[in-house]
Amino acid sequence: MKKFLAVLSTLVMVGTLASCGGTSSSDNGAGANTNSNTESKTDAKPADDSSSKTDDSSSSSGGKTVGIAMPTKSLERWNRDGEYLKAQFEEAGYKVELKYSDNDTNQQNNDIQGMIADKVDLLLIAAIDGNTLSQTLADAKDAGISVIAYDRLIMNTDAVSYYVSFDNYTVGKLQGEYVIDALDLKNSDGPFNIEFTAGDPADNNAGYFFNGAYDALKDYIDAGKLKIPSGKTKFEQVATDSWSTDKALENMQNTLASYYTSTQLDVALCSNDSTALGVAQAISSDYSGKNTPIVTGQDGDIANLKNIVDGKQSMTVYKNVNDEAAATLEVSKAILSGQTPDASLVSSLSAEATYDTESYDNGVKVVPSYLLVPYVITKDKLDVLVDTGLYKWDSDNKYLESTAKTT
2 MKKFLAVLST LVMVGTLASC GGTSSSDNGA GANTNSNTES KTDAKPADDS SSKTDDSSSS
62 SGGKTVGIAM PTKSLERWNR DGEYLKAQFE EAGYKVELKY SDNDTNQQNN DIQGMIADKV
122 DLLLIAAIDG NTLSQTLADA KDAGISVIAY DRLIMNTDAV SYYVSFDNYT VGKLQGEYVI
182 DALDLKNSDG PFNIEFTAGD PADNNAGYFF NGAYDALKDY IDAGKLKIPS GKTKFEQVAT
242 DSWSTDKALE NMQNTLASYY TSTQLDVALC SNDSTALGVA QAISSDYSGK NTPIVTGQDG
302 DIANLKNIVD GKQSMTVYKN VNDEAAATLE VSKAILSGQT PDASLVSSLS AEATYDTESY
362 DNGVKVVPSY LLVPYVITKD KLDVLVDTGL YKWDSDNKYL ESTAKTT
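If you use this note's numbering, the sequence shown corresponds to residues 2 to 408, in order.
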């Protein structure tokens, strides 16, 4: 109960702190904050600090340091996650090193190595490429530093202790179910035309998103109610490197030119908001049809929420960073106090979550996972985002703005 109250108190006190890098989504990185490699460090440990990681069994922070490695500042959501996590941990009394790695895997390895050298007590890592950290994390394990994979599973290493994320398969499933309801596929004959835009092959989550959506729609595809004129039915065919808005734009322009000069596009199912932004741009500039296709997304980026208001995007699946950060804090506190988190921790969390010890195999081990529940945001549900404290209405009460300060 004390942990639960602590989480609620933390959320109230830091809900309006910095969480993203300005109002420009800049999901493709173009014109983004060029300070992506910035380190934010508070009260770093002195050089002669002990390297022992298990001698403090108290439930307090004990002056311990958490190293947080985020992929980049060029995606709005990682600014939001990084800054909010930093605020959460500092409010709980921990020292924090926060680094963004400019979507450069070598840089992220170097950043993490630096934190290992600084003798942080715990590493919290949102991997750029989950397949490129094995050796660095072996060094962390040798140093006695526990590792939590944040949002993205880290592959091919036994050094990862826990995984905290959302139910990524459900993200895609919610997108597919939205399409089913919007087209009334259970009752209509169709056929309707759909194209998929998936995420970065280097991101382990991307496959879960795609599979969740495709599996939700598979029966309708097999029955011919949904058709895919491009024939691109596999993740590899529709993947988008680095979740790039520009690449998604180019890919959709090519698809429209090749298959939709005289054919109606009914659905553009996009795995996240940065790709949806590019797809919506392509539809606005290159689609000759008279209808407005359904466009899905994920993350709740400001530019996409504007598109939802303007009718250019239909929905986004929102993963509340408050919930993810709160769950991560509780798992971290347990580890840092010498406990072994398990299913019993779920009852202390302020958000709905499950404890999963079967689904997330990283190639070396099945990583125990805490999975939170995402939810659908449409034009008529934008106040749900305002209620998180991370968004507010603009002066005209038309579009949402971030409550975060520019970092």
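Glycine residues also receive a C-beta, built at the ideal position from the N, C-alpha and C atoms.
For residue i, three-class secondary structure by DSSP
i, result
"Leu295", "The question names Leu, yet the displayed sequence has Ile at residue 295. Strand, per DSSP."
"Ile129", "coil"
"Lys142", "helix"
"Asp357", "strand"
"Thr66", "strand"
"Ile155", "coil"
"Lys100", "strand"
"Ala352", "coil"
"Leu184", "helix"
"Val8", "With a pLDDT of only 39 at Val8, under the threshold of 50, the placement of this residue in the model should not be trusted; the figure read from the coordinates follows. Correct three-state label for Val8: helix."
"Ile497", "Absent from the model: residue 497. The displayed extent of the chain is 2 to 408, so no value can be given."
"Leu372", "strand"
"Ile149", "strand"
"Asp397", "coil"
"Val385", "helix"
"Val161", "strand"
"Asp343", "coil"
Cβ neighbour criterion (16 or more within 10 Å) applied to residue i
i, result
"Ser26", "Unreliable positioning characterises Ser26 in this predicted model, as indicated by a pLDDT of 35, which lies under 50. A coordinate reading is not provided."
"Gly208", "buried"
"Leu12", "Reliability of the predicted coordinates at Leu12 is poor, the pLDDT of 37 falling under 50, and no value is obtained from them."
"Asn110", "buried"
"Asn194", "buried"
"Ser403", "buried"
"Ile299", "Note on residue identity: the sequence assigns Gln, not Ile, to residue 299. Gln299 comes out buried."
"Thr264", "exposed"
"Val387", "exposed"
"Lys291", "exposed"
"Lys393", "exposed"
"Gly83", "buried"
"Asn169", "buried"
"Ser166", "buried"
"Asp395", "exposed"
Identity of the residue in the options nearest residue i by Cα
i, options, result
"Thr241", "Tyr170, Ala335, Ser147, Phe211", "Phe211"
"Asn104", "Thr293, Leu76, Gly94, Leu124", "Leu76"
"Asn255", "Glu91, Lys228, Gly115, Asp287", "Asp287"
"Val67", "Ala118, Asn107, Gln108", "Ala118"
"Glu325", "Leu123, Thr133, Ala150", "Ala150"
"Thr158", "Ser272, Gln314, Gln176, Thr133", "Thr133"
"Leu337", "Pro72, Val310, Phe90", "Phe90"
"Val318", "Ala327, Leu306, Val172", "Val172"
"Leu266", "Ile284, Leu154, Gly339, Met71", "Ile284"
"Lys320", "Leu250, Asp247, Val310, Val385", "Val385"
"Cys416", "Ala141, Gln176, Ile69", "Residue 416 falls outside the range modelled here, since the chain spans only 2 to 408, and no answer is possible."
"Asp143", "Leu123, Ile129, Ala199", "Leu123"
"Val310", "Asp381, Gly225, Val97, Glu92", "Asp381"
Alpha carbon of residue i to alpha carbon of residue j, nearest angstrom
i, j, result
"Asn398", "Leu383", "11 Å"
"Lys334", "Ala281", "42 Å"
"Ile113", "Phe197", "35 Å"
"Lys87", "Lys74", "14 Å"
"Gly94", "Gly64", "7 Å"
"Ala127", "Ser345", "25 Å"
"Pro342", "Thr234", "39 Å"
"Asn80", "Gly232", "36 Å"
"Ala269", "Ala354", "30 Å"
"Asp44", "Ala183", "With a pLDDT of 43 at Asp44, under the threshold of 50, the modelled position of this residue cannot be trusted; read the value that follows with caution. Taking the straight line from one Cα to the other gives about 51 Å."
"Thr24", "Ser351", "Here the model assigns Thr24 a pLDDT of 32, short of 50, so the residue's position is not dependable, and the following value carries that caveat. So the alpha carbons of these two residues sit roughly 28 Å apart."
Near the ligand NAD: residue i beta-carbon under 6 Å from a heavy atom
i, result
"Leu123", "As presented, the structure is devoid of all ligands, the ligand NAD included, so that no description of it is given."
Inset, instruction - Starting from the N-terminal side, write out each stretch of the beta strand (DSSP E) that is 3 residues or longer and does not extend beyond the stretch 186-213. - result: 193-198
Inset, instruction - Any chance you could list the beta strand (DSSP E) runs of at least 3 consecutive residues sitting entirely within the stretch 240-312, in chain order? - result: 268-271
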